[in-house]
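In the order they appear, the protein sequences are chains A and B.
Once you know that position 95 of the first sequence is 95 in the numbering used here, the rest is easy, because the numbers rise by one and skip nothing.
So the number in the numbering used here is just where the residue sits in the second sequence, counting from 1, plus 1000.
Here a beta-carbon is modelled for each residue, glycine too, at the ideal position from N, C-alpha and C.
There are 2 protein chains.
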Amino acid sequence: MTFSQRVQDCIEKKHSLLCIGLDSDPQKVPPHLQSESDPVLVFNRAIIEATADLAAAYKINTAFYESRGSAGWDSLQATFDSLPVDVIKIADAKRGDIGNTSRHYAQTFFEQINADALTVNPYMGRDSVAPFLEDPQKGVFFLCLTSNPGSRDFQYLSVGGTTLYETVAAEVQKWNEKGNCGLVVGATHPSELQAVRRIAPDLPFLIPGIGAQGGDLEKSVFFGTDQKGGAALLNSSRAILYASTGKDFVDAARRVAEMTRQALERARQSKSEPRS
Amino acid sequence: MTFSQRVQDCIEKKHSLLCIGLDSDPQKVPPHLQSESDPVLVFNRAIIEATADLAAAYKINTAFYESRGSAGWDSLQATFDSLPVDVIKIADAKRGDIGNTSRHYAQTFFEQINADALTVNPYMGRDSVAPFLEDPQKGVFFLCLTSNPGSRDFQYLSVGGTTLYETVAAEVQKWNEKGNCGLVVGATHPSELQAVRRIAPDLPFLIPGIGAQGGDLEKSVFFGTDQKGGAALLNSSRAILYASTGKDFVDAARRVAEMTRQALERARQSKSEPRS
């Protein structure tokens, strides 16, 4: 089963487009967990346990772990090890380097951390990403159009009658020889999502920005998914993780996760209904 | 003293444009060190001790350490801690994320690892790099034109009558409000180096590719440096680290490092001589 098929399979089985971002900031972990030896790991495990039936994927951003040194790296590994088998495990590391160096990153995230997918920055071109694409079961979500304001600086540049982000999408579509390429397209750009979906009809999309960043959930599902195959995972991090900072954080996180999952499912169903 | 001034100062004091890349692959560490508890760290310390008077900078690529898990992260930190005070310490991590996430990366590399500079991928735009540019003493080398074949895929795209890499250079020149921005321009593209130097006359350049990657050393110095201020650090990794795989690796590394430093100095002096 290719990575792309696995994403679709996971979404269908879980009835969920939801990806939960475990960008767990040590300072935002509830106070009553701060006396644990690894408060972030205890927090992550509680969030995972409370939401495992609701999420199709979890995305773990390495920045929040690296800033804790080697202890953070152990915490990152233990968090991946705590994820259930029936979800897509995404390392949001935004790596990319020359070929012999990218091979080390591929080994790190696909073999050691045992992530199913990695986010990769495409700027350095094809040979820089080749080591990530060797195993059809391991996926790469390439940064295409990101959810932050700075996406305007380079990604929207006009390139041969189109934009840089559309050029990236078209190039990644060509790289998808093994069915394991995907794209990161921010929920903060719904109409651009539609354009990228036309260029790459069957690539899985990772769509950040529907929670705290204020992206439009319904439009993101409508324009980001494709009924002929293109799946989308919509990520929410802070809105779920920090739904409550008290002892009820687990219940609060589950409540927000379930509301988000349902809203995503409603949007998906409304898309598949015949329009008058 | 801004980061840019510090780079110039270091080059003048050491009479060296040489940056040594500690991309130490555990499998390539000489056999007689493999019984050490951390062979890479012992190897790095030996290389550093043998070359400290010859190098203006050391560049440590995180990929080679991350692939060893949390032990590798400790090894990365200990390698940085082993560097002398009179060199520029560069973390070659090619990071970059949305603002609140980049802040964690900045904290990791500038505060914990205590690097003087970090390589950053510019694709996500200004707000994604802002947290790296707050301290004038800490520098950022932005990927502009990389040394690998894949640089052709996006970096050479035609953008408004110029190229993407030149657009990146011009944008980074604007970001240089605190004197702490630099650019990565590969030695494998000497004539393009000249174009980038015109756009960014006073930014320090980090120029990889003069060793094993086969870039042109003399042209890189000629086109990459600017007598009015623009400094360049030319990186060699594998050619120095693996000059010998035997017990004489220290002497061999020093010999290649000194040859490279001298060749760089000759190129710099020939540039400063009046031409007939």
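{"Item": "Three-way DSSP call (helix, strand, coil) for S4/A in this model", "Value": "helix"}
{"Item": "Beta carbon proximity, F154/A to chain B, threshold 9 Å", "Value": "yes"}
{"Item": "Where T162/A sits in the DSSP three-state scheme", "Value": "strand"}
{"Item": "Assumed close pair S1082/B, R1045/B - CB separation to whole angstroms, cut-off 8 Å", "Value": "5 Å"}
{"Item": "Sub-9 Å separation of L304/A and I210/A beta-carbons", "Value": "Here chain A covers residues 1 to 276 and nothing more, so residue 304/A does not appear."}
{"Item": "Amino acids of chain B, ordered along the chain, whose beta-carbon sits closer than 7 Å to that of D74/A", "Value": "S1070"}
{"Item": "Burial state of H1104/B (16 or more Cβ within 10 Å)", "Value": "buried"}
{"Item": "Sequence-distant residues of the same chain with beta carbon closer than 7 Å to V42/A, five excluded per side", "Value": "L33 and E36"}
{"Item": "Residue(s) in a DSSP beta bridge with T1297/B", "Value": "In the structure as shown, chain B starts at 1001 and stops at 1276, and residue 1297/B therefore has no counterpart that could be examined."}
{"Item": "K1271/B versus Q1194/B - alpha carbon distance", "Value": "13 Å"}
{"Item": "Pick from Q155/A, V185/A, A56/A and N148/A that is closest to T119/A, judged by C-alpha positions", "Value": "V185/A"}
{"Item": "Cutoff 7 Å; reference S276/A; Cβ partners in own chain excluding five residues on either side", "Value": "The pLDDT assigned to S276/A is 46, lower than 50, so where the model puts this residue is not dependable, and the model offers no usable value."}
{"Item": "Which listed residue (A257/A, G224/A, V87/A and A253/A) has its alpha carbon closest to that of A115/A", "Value": "V87/A"}
{"Item": "One or two residues paired with L1233/B in a DSSP bridge", "Value": "L1206/B"}
{"Item": "Cα-Cα separation, E273/A to F132/A", "Value": "38 Å"}
{"Item": "Terminal residues of the beta strand (DSSP E) in which I1113/B lies", "Value": "Counting along the chain, I1113/B falls outside any beta strand (DSSP E), and DSSP gives it neither H nor E."}
{"Item": "Interface partners of S1151/B on chain A, CB under 8 Å", "Value": "M124 and G125"}
{"Item": "For N1061/B, the first and last residue of its enclosing beta strand (DSSP E)", "Value": "A1057 to N1061"}
{"Item": "Beta-carbon proximity check, L1206/B vs G1179/B, cutoff 9 Å", "Value": "no"}
{"Item": "Contact set between E1171/B and chain A, taken where Cβ atoms lie within less than 9 Å", "Value": "D153 and F154"}
{"Item": "Helix, strand or coil at G1021/B [DSSP, three-state]", "Value": "strand"}
{"Item": "Simplified DSSP state of D1251/B, which is helix, strand or coil", "Value": "helix"}
{"Item": "Sub-9 Å separation of W1175/B and W73/A beta-carbons", "Value": "no"}
{"Item": "Nearest neighbour of E1218/B, chosen from E1265/B, K1014/B and D1202/B [CA to CA]", "Value": "E1265/B"}
{"Item": "Cβ of I1210/B within 9 Å of any chain A Cβ", "Value": "no"}
{"Item": "Neighbour flag for H189/A against chain B, beta carbons, 9 Å", "Value": "no"}
{"Item": "Pick from Q112/A, E12/A and F3/A that is closest to A56/A, judged by C-alpha positions", "Value": "E12/A"}
{"Item": "Straight-line Cα distance separating N1121/B from Y1058/B", "Value": "19 Å"}
{"Item": "Test: H104/A CB closer than 9 Å to a CB of chain B", "Value": "yes"}
{"Item": "Short Cβ contact (9 Å threshold) for S1004/B with D1202/B", "Value": "yes"}
{"Item": "DSSP-derived helix/strand/coil call for K1271/B", "Value": "helix"}
{"Item": "Residues that N148/A contacts on chain B, provided the C-beta gap is smaller than 8 Å", "Value": "I1098, G1099, M1124, G1125, D1127 and S1128"}
{"Item": "R68/A, buried or exposed, once every other Cβ within 10 Å from all chains shown has been counted against 16", "Value": "buried"}
{"Item": "Contact under 9 Å by Cβ, T225/A with I240/A", "Value": "no"}
{"Item": "First and last residue of the uninterrupted alpha helix (DSSP H) at I48/A", "Value": "P39 to T51"}
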